[in-house]
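Numbering (the working numbering), first residue to last: 12 to 244.
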């Protein structure tokens, strides 16, 4: 479904991604792992064309999307949930979801407001509350729900467990496992190895913008030197 090859991305003169390449199959949940500053977020932004790669190629569903404007990438079926949780704080939960509905692709939506309220009961109970009244975890849920209103084929979640209460982290894990059951392809960036192990089929470790490991968590457990070198604090 997604293929990245020879990706080189920069912030100014800083070379962030160095010939990065990997593939993601349809229905797979893949975790991008690495320390802060390893290049995980830049990888996601490069996929979405929010950061334009200097070289390399991003192919999605057989189509080269490397030079595509970011809004067209979203229309093509990629949904991105940034770590910053960019909700509209003065709009209600329902109104935030409507923004996502307007941005959806033209084919029939898989996700409706009712389905999302079933998935996120916390949001259902507070559907008329404004975004600024929500906790960090609830804002994270709302950002994911709003993105799903666009009916993406591939969902990119940047640090979904970061800075939220443990009970919400548990709910988030159940939500991603539900996505897997629904056949949605998901890429998450994570520093929380325990969380990633619960939800993902495969791990890709990035360090200094380079891929250092690509395999199952069982494979990773057999290589503690890799884990200690690139994931330990």
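Ideal placement from N, C-alpha and C gives every residue a C-beta, glycine not left out.
The alpha-carbon of residue 40 is positioned some 12 Å away from that of residue 193. Rounded to the nearest whole angstrom, the CA to CA distance from residue 202 to residue 14 is 23 Å. Straight through space, the alpha carbons of residue 208 and residue 183 are spaced by roughly 13 Å.
In the structure shown, residue 41 falls within a strand segment according to DSSP collapsed to helix, strand and coil. Counting only unbroken stretches of 4 or more residues, the alpha helix (DSSP H) elements lying wholly within the stretch 88 to 142 are 104 to 113, 124 to 130, 132 to 136, in sequence order. Secondary structure at residue 232: helix, using DSSP grouped into helix, strand and coil. DSSP, read as helix, strand or coil, puts residue 15 in strand.
In the DSSP annotation of this structure, the continuous segment of the beta strand (DSSP E) that includes residue 213 starts and ends at 213 to 218. It is roughly 45 Å from the alpha-carbon of residue 104 to the alpha-carbon of residue 233. Contiguous beta strand (DSSP E) elements confined to the stretch 28 to 77 occur at 40 to 44, 66 to 71, taking only those with 3 or more residues.
For residue 191, the closest of 26, 37, 240 by C-alpha to C-alpha distance is 37. Collapsing the DSSP output to three states places residue 186 in a helix. The alpha carbon of residue 72 has as its nearest neighbour, out of 107, 35, 49, 44, the alpha carbon of 35. Taking the Cα positions, residue 100 is about 14 Å away from residue 109. Note on geometry: alpha-carbon atoms of residue 17 and residue 54 lie some 12 Å from one another.
One thing to note: residue 214 has its Cβ within 8 Å of the Cβ of residue 42.
Note that the stretch 119 to 134 does not touch the stretch 45 to 62; fewer than 3 beta-carbon pairs, one per stretch, sit closer than 8 Å.
The beta carbon of residue 238 lies closer than 7 Å to those of 231 in the same chain, with the five residues before and after it left out. In the three-state reduction of the DSSP assignment, residue 81 falls in the helix class. Spanning the alpha carbons of residue 200 and residue 187 requires a straight line of approximately 13 Å. The closest CA to that of residue 66, considering only 174, 20, 127, 145, is found on 20. Taking the Cα positions, residue 98 is about 30 Å away from residue 218.
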